[in-house]
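Below: one structure, written as structure tokens.
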Amino acid sequence: MRPPETPGLLIAMIAVLGLGLFVAFGLGFGGFGMAHFLGYLMIAIAVGAFGLLRRRR
1 MRPPETPGLL
11 IAMIAVLGLG
21 LFVAFGLGFG
31 GFGMAHFLGY
41 LMIAIAVGAF
51 GLLRRRR
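Below is the structure:
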């Protein structure tokens with residue numbers, strides 16, 4: 001099952017992912033940075049799924 005192509009949403013999710021990766025590994029906060037990365041990733045997935053569900057209706 002493939003979601004419809006939404007370039008804006010895809011770019012936003014990649015940007016949040018990149019920001020999370022930068023915070024976790026680039027700045028080297030260790031466990032604190034990884035916790036923030038996982039939090040941002042979960043938020044990005046939730047917002048993305050919510051946006052896709054709203055767009056389909």
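Going by the working numbering, the sequence shown opens with residue 1, and the numbers climb by one from there.
Quick reminder that beta carbons are idealized off the backbone N, C-alpha and C, glycines included.
Whole-number beta carbon distance between residue j and residue i, since they are thought to touch under 8 Å
{"i": "M13", "j": "A49", "result": "With 8 Å as the limit, M13 and A49 do not qualify as a contact, their Cβ atoms being about 10 Å apart."}
{"i": "L17", "j": "L41", "result": "7 Å"}
Residue i versus residue j: straight-line alpha-carbon distance, rounded
{"i": "G51", "j": "I11", "result": "13 Å"}
{"i": "F22", "j": "A46", "result": "20 Å"}
{"i": "R54", "j": "P7", "result": "16 Å"}
{"i": "L19", "j": "A35", "result": "13 Å"}
{"i": "L38", "j": "A15", "result": "14 Å"}
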